[in-house]
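Residues 661 to 1066, numbered by the numbering used here, are exactly what the sequence shown covers, in order. Everything below concerns the one structure shown next.
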Amino acid sequence: MYCTRKVTEDIVWVGCDDRRLAMFEGVYSVPGGVSYNSYLLLDEKTVLMDTADWAVGRLFLENVTQELDGRKLDYLVIQHVEPDHSGTISDIIMRHPEVTLVCNEKTKGMLAQFYENDITERVLIVKEGDTLCTGRHTLTFFMAPMVHWPEVMVTYDSEAGVLFSADAFGTFGALNGALFADEVDFFADYLKEARRYYTNIVGKYGAMVQSLLKKASGLSIKMICPLHGPIWRENIAAYVEKYQLWSSYTPEEYGVMIAYASVYGHTENAANILACELRDRGIRTMMYDVSVTHASDIIAEAFRYSHLVFASATYNGGIFVSMEELLRDLAAHSLKNRTVALIQNGSWGALSGKMMKEILSGMKDMRILENMVGINSSVKNDQRKMLEELAEQLAESVRREKEALA
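In structure tokens:
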């Protein structure tokens, strides 16, 4: 049975929730599920904005059929070819052979890669700034390459003031009946997953996101309709501000995120001592065991905090496995503009600190503190004093950067 909700008088959400998906893109856990959003415009011409993943295909097709109510489907706008949004294109075409696919040139090329049948014969190619009039509504198309695939575009409906934003402004988490962000306490219930979504899915492409934000700033936007997560119709500026911070690699909070890799607890003890010393100095801290916490969560927190500490045991002559994976993943996401401190441990041949520094040094604008703390097996009085000194240095740096922002 169909399950839809009205967005406006003539725009309907025909998407679906998926709570059975364990790993988004096979990488990111989604314990709260995920939504696949699709929108149907019922004007003189009918327009479907993207489709949905094949996993929810049956319900999605029922939703579209119900809301069309016997009308033909004139256009399918393809903003993003990734299969979670294009997985049911063939089904739509089979049910609606009259449909015209609206996309850009790059999308047309990718469609040929995904589909055996030549659906590109029914394509209407649009470029930056092109418009499509559907009756009362006029849709304008803007290219948004690498947010987060090269073919991505967004669509602005000037009549309703709606920005169909593709993967921009999306979040992990099923909607659970609440289609709009103002129907929940978004910043309490969804922000963590929105941050994790942005930093891991789009975070590498901050400059491209900044370009899209600049384009969007010139539009009169009353509503943002993303392909994942709730729709924004109130307090839009607060969420846009988060995107401004994330895409410019500006910290949300001035404090210290500590990620550690410990085999028998001694490196963890050093990390705990540092955290306590920082708290004594009034500095906010968060701690993560890289063997327990998924890298996507730690990467999101690294985007969030101004100062980072990585503490690792030396393992097989190198960095502890999960710590090395985290650091290389962090480098791949192009995080920059952070102050970083290192703690290394080793019963013999301690090399983890040097190797962590090599990875971090390859990232832009990472200020790596010189006084790395070295532990030989377990923390002794001398090392504790070094941790206290590091805490003082970090605390002073946090205060200085926070004051400079003010």
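Heads up, the beta-carbon is just placed ideally off N, CA and C, and yes, glycines get one too.
Within the same chain, show all residues whose beta-carbon is closer than 6 Å to that of residue i, passing over the 5 residues directly before and after it, in chain order.
i     : result
K1004 : First, the amino acid is wrong: residue 1004 is Gln here, not Lys. Excluding sequence neighbours, Q1004 sits near A1010, S1012, G1013 and G1034.
T706  : R731, L733 and D734
A623  : Look at the range of the chain in this structure, 661 to 1066, and you will see that residue 623 is not part of it.
E928  : Y920 and S922
D713  : Y696, D744 and G747
E894  : D842
P886  : S825, F829 and G830
Since residue i and residue j should fall inside the 8 Å C-beta cutoff, what is the C-beta to C-beta distance between them, to a whole number of angstroms?
i    : j    : result
A971 : I933 : Their Cβ separation, rounded to whole angstroms, is 10 Å, which puts A971 and I933 out of contact at 8 Å.
L784 : V762 : 5 Å
G915 : H967 : 7 Å
T831 : G889 : 3 Å
Starting from the C-beta of residue i, find all residues in its chain whose C-beta is less than 7 Å away, skip the five residues before and the five after it, and write them out in chain order.
i     : result
S1021 : I1028
A1051 : L934, E937, L938 and R941
Since residue i is in the alpha helix (DSSP H), which residue starts that stretch and which ends it?
i    : result
F801 : That residue, F801, is in no alpha helix (DSSP H); its beta strand (DSSP E) goes T798 to M803.
F846 : F846 to D849
C676 : That residue, C676, is in no alpha helix (DSSP H); its beta strand (DSSP E) goes C676 to D678.
W906 : I896 to S907
I959 : A955 to R964
D940 : H926 to D940
A772 : E765 to F774
Report all residues from its chain with a CB closer than 8 Å to the CB of residue i; omit the five preceding and five following residues, and keep chain order.
i     : result
H926  : A973, N1005, I1035, S1037, S1038 and V1039
T798  : T791, L792, D817, S818 and E819
E1053 : With the sequence shown as reference, residue 1053 is identified as Gln, and Glu is not the correct amino acid for it. Excluding sequence neighbours, Q1053 sits near A1001, L1029 and N1031.
Have a look at the options and flag the residue whose alpha-carbon is nearest the alpha-carbon of residue i.
i     : options                     : result
D1025 : V869, R939, L995 and Y903   : L995
E722  : D751, V737 and L1065        : D751
K666  : I891, D940, S746 and V969   : I891
L736  : M709, P757 and Q726         : M709
M883  : K874, A897 and Q870         : A897
M661  : Q904, L728 and R718         : R718
H808  : F801, A828, E985 and T800   : A828
M1015 : G795, I979 and I753         : I979
L700  : A715, Y688, Q726 and V687   : Q726
L872  : L887, N860, S907 and L839   : S907
F774  : V1058, I749, A1055 and K875 : I749
I need the boundaries of the beta strand (DSSP E) containing residue i, first residue and last residue.
i    : result
C793 : T791 to C793
Is any heavy atom in the ligand NAD found nearer than 6 Å to the beta carbon of residue i?
i    : result
E853 : Absent from the structure shown: the ligand NAD. Ligands present: none.
Determine, using beta-carbon pairs with one atom in the stretch 826-841 and one in the stretch 783-796, whether at least three such pairs fall under 8 Å.
With fewer than three CB-CB distances shorter than 8 Å, the stretch 826-841 does not count as touching the stretch 783-796.
Taking one C-beta from the stretch 670-685 and one from the stretch 695-713 each time, how about it: are there three or more such pairs within less than 8 Å?
Between the stretch 670-685 and the stretch 695-713 there are three or more inter-stretch CB-CB distances shorter than 8 Å, so the stretches are counted as touching.
Three-pair Cβ contact test at 8 Å for the stretch 986-995 versus the stretch 956-972:
Because the criterion of three Cβ pairs below 8 Å is met, the stretch 986-995 and the stretch 956-972 touch.
For the stretch 942-949 against the stretch 843-852, are there 3 or more C-beta pairs whose distance is under 8 Å?
No, the stretch 942-949 does not touch the stretch 843-852.
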